[in-house]
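Here's the structure, in structure tokens; my notes come after.
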Amino acid sequence: KFSQLEDEIFSLQLKIRKAKTFLRQRDDILDESEKFKNLEQMDAGTDEEEIARLLNFIEQTARKAGISLSDVKPQQVQSDKWSKRFVVELNAESPLTQLVEFVYDLQFSPQMLKIQRVDVAPKEERSRIMRSFLVVTRVVVK
């Protein structure tokens with residue numbers, strides 16, 4: 001009888017340890033989730049709405065950074081079982097410092113964008129103006 005009670009006590013102690021661990025993790029997850037409150041408002045609309053939002057955000061960010069966008073091409077939406085990937089290719093001209101600011105603002109935006117590719121070259125020899133090609137991606141969970 002004592003052996004059975006000891007086994008039961010041991011089992012309950014393990015459950016209590018697991019529960020404490022889950023409670024600690026729960027608090028950490030809730031604290032971390034506070035950073036992303038705006039995700040609830042970012043529900044995926046139609047593909048056209050999402051592309052329009054993405055293009056509008058890129059244009060506003062470029063204007064703020066003083067970037068001249070010359071060619072902006074949304075690509076075909078890539079979809080799988082769990083997510084949709086919206087890709088935009090763009091060409092821009094600007095001084096290097098403004099380009100860096102633009103890339104930074106895109107990468108750390110609340111839209112959760114990712115810069116997949118950046119190609120930079122001077123517009124002309126010994127020019128301070130840079131021509132750049134960027135591929136910007138946004139992934140939305142279905």
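Take the sequence shown: its letters are residues 1 to 142, numbered as in our numbering. Every residue gets a Cβ at the ideal spot worked out from N, C-alpha and C, and that includes glycine.
Check	Outcome
Straight-line gap, residue 128 to residue 114 (C-alpha atoms, nearest Å)	26 Å
Backbone CA spacing between residue 27 and residue 15 [nearest angstrom]	19 Å
Length at least 4, wholly inside the region 42-76: the alpha helix (DSSP H) runs in chain order	47-65
Range of the contiguous beta strand (DSSP E) that encloses residue 1	Segment: none, residue 1 is in no beta strand (DSSP E) and carries neither H nor E.
Residues bridged to residue 9 (per DSSP)	Answer by DSSP bridge pairing: none, since residue 9 is not bridged.
Three-pair Cβ contact test at 8 Å for the region 131-138 versus the region 86-106	yes
Terminal residues of the beta strand (DSSP E) in which residue 86 lies	83-95
Extent of the continuous beta strand (DSSP E) run through residue 119	113-122
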